[in-house]
Amino acid sequence: MDDVEVRHLPGELPRLFDDGADGAAGRTLSVPLPEGDLVWPDPGYPQRLLLMRPAFWLSDEPVHGELWCRLRAEHPRSGLWPLLMDETDQPWASGQIAPEPAAEIGNYHPHAFMSEVWADWAEQAAEDDHADLAPFGRHCPGLAPPGVPLDDPDAMADRYARVLAARGMPLGLVAVERGADAPAVAGWQGALNHNEWTAPLAAVLRSWEDRFGARVVGLGFNTLELSVAAPPVTTRHAVHVAAEHWAFCPDILFQGPGTLTGYAEEIRGKTNWSFWWD
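For the sequence shown, position 41 (counting from the first letter as 1) is numbered 229 according to the working numbering, and the numbering increases by one without interruption.
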């Protein structure tokens, strides 16, 4: 491979950055990519912000997990975070997406988001419902303490990517400094029924990156797949983390085990977290 190919992002990938070629200056990508195209928001699809650039790049065909791993390793140099994008219910190439700039994410704080969700629920819930969120009930417990790493977060992400890729998913590339920002910047709408904006959820994902070694590996129409290098391993810690998960995605509880303690047992020691919204 010659020097020009190594030193510059190929094809139209520089257009993914805020300033186009200027924003991509100095970015490198040495991993050959399969055939694919840039995905632009459909102008007929409701947009909350008008962003005059493509949201992400998408491969034409499913990819092997090893390609995800190689691209993840190059992210510090390329600025492109890989995603495995499940097309079972979402034709990503149709552009039914609503991108939000990464700069918006810093305006939100995970503890404030959690407290707001909790307060809204407590105001509307019947007294009998409070048992579902025992031992906390109406009182938001705040953010859980960090987990203890079981492995390197990137190595854990690579292993989970190989598992997910076996389902047969195309590859997305999103121009972000950290993987937690990818759902918002890509315009993912999976949690729309829970929260109008994706940026607050991305703020939570940033916090999970820092506290639990989480990595965003895959997206579906209304699903999100994370690898987790430092999961809770005690029951007490798992219940606290479960409370965060509930605020992030209430459907995992109310259409799942039904109680925080029941859900906590499902995630205790688990090195991947899967979310879905109704």
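Virtual Cβ for every residue (Gly too), placed ideally from N, Cα, C.
The structure displayed is predicted, hence computed values, not measured ones.
Exposure of Q312, with buried meaning 16 or more beta-carbon neighbours within 10 Å: Taking the sequence shown and counting its residues from 1, the one referred to as residue 312 is at position 124. Exposed: under 16 other Cβ atoms inside 10 Å.
Range of the contiguous alpha helix (DSSP H) that encloses D280: Counted from its first residue, the sequence shown places residue 280 at position 92. It should be noted that the sequence gives Trp, not Asp, for residue 280. W280 -> no alpha helix (DSSP H), and no H or E assigned at all.
M240 in three-state terms, based on DSSP: On the sequence shown, residue 240 is found 52 positions in, with the first residue counted as 1. The answer is coil: DSSP assigns M240 none of H, G, I, E or B.
Close-in-space but distant-in-sequence residues of the same chain around P242 (CB under 7 angstroms, 5 per side omitted): What you label residue 242 is simply residue 54 of the sequence shown in a count that begins at 1. Hits under 7 angstroms: R203, L204, L226, V227, W228.
Residues bridged to G406 (per DSSP): Stepping through the sequence shown from its first residue, residue 406 is reached at position 218. Paired residue(s): L272, E413.
Contact check, G375 vs A281, beta carbons under 8 angstroms: Numbered from 1 along the sequence shown, position 187 holds the residue referred to as residue 375. Numbered from 1 along the sequence shown, position 93 holds the residue referred to as residue 281. Cβ atoms of G375 and A281: not closer than 8 angstroms.
Counted within 10 angstroms of its Cβ, other Cβ atoms place L513 as buried (16 or more) or exposed: What the structure shows of the chain is the stretch from 189 to 466, and residue 513 is not part of that stretch, so it cannot be assessed.
Which listed residue (N383, A343, E397) has its alpha carbon closest to that of G367: Translated into positions along the sequence shown, residue 367 becomes position 179. Taking only the C-alpha atoms, the option nearest G367 is E397.
At least 3 beta-carbon pairs within less than 8 angstroms: the segment 319 to 338 vs the segment 290 to 310: yes
Touch test, the segment 351 to 360 against the segment 270 to 279, Cβ-Cβ under 8 angstroms, three pairs minimum: yes
Three or more C-beta pairs below 8 angstroms linking the segment 411 to 420 and the segment 338 to 350: yes
Whole-number beta carbon distance between P371 and A390, since they are thought to touch under 8 angstroms: The count along the sequence shown starts at 1 and reaches residue 390 at position 202. The count along the sequence shown starts at 1 and reaches residue 371 at position 183. The pair is a contact, with the Cβ atoms about 6 angstroms apart (cut-off 8 angstroms).
DSSP beta-bridge partners of S462: Position 274 of the sequence shown, counting from 1, holds the residue named residue 462. Looking at the DSSP assignment, S462 forms a beta bridge with E413.
Beta-bridge partners of A363, as assigned by DSSP: Within the sequence shown, the letter at position 175 stands for residue 363. BP columns for A363 point to L268.
Contacting residues, own chain, Cβ-Cβ under 7 angstroms from P250 (five flanking each side not counted): Taking the first residue of the sequence shown as 1, we reach residue 250 at position 62. Closer than 7 angstroms at Cβ, skipping near neighbours: G356, M357, P358.
Cα-Cα separation between G224 and V392, rounded to whole angstroms: On the sequence shown, residue 224 is found 36 positions in, with the first residue counted as 1. On the sequence shown, residue 392 is found 204 positions in, with the first residue counted as 1. Cα to Cα, the separation comes out at about 30 angstroms.
Range covered by the alpha helix (DSSP H) that runs through V227: Residue 227 sits at position 39 when you count from the first residue of the sequence shown. Careful: V227 lies outside any alpha helix (DSSP H), inside the beta strand (DSSP E) at 224 to 227.
Pick from L238, G294, Q278 that is closest to G406, judged by C-alpha positions: Walking along the sequence shown from the start, residue 406 turns up at place 218. When each option's Cα is compared against that of G406, the closest is Q278.
Contact belief for I293 with D369 at Cβ below 8 angstroms, rounded distance in angstroms: As a first step, residue 293 must be located in the sequence shown, where it is residue number 105. As a first step, residue 369 must be located in the sequence shown, where it is residue number 181. Yes, I293 and D369 are in contact; Cβ-Cβ is about 6 angstroms, under 8 angstroms.
According to DSSP, residues forming a beta bridge with P250: Sequence index remark: in the sequence shown, residue 250 carries index 62 (1-based). Looking at the DSSP assignment, P250 forms a beta bridge with P358.
Span separating the alpha-carbon of C257 from that of G444: The residue labelled residue 257 in the question sits at position 69 within the sequence shown. The residue labelled residue 444 in the question sits at position 256 within the sequence shown. Taking the straight line joining both Cα atoms gives about 31 angstroms.
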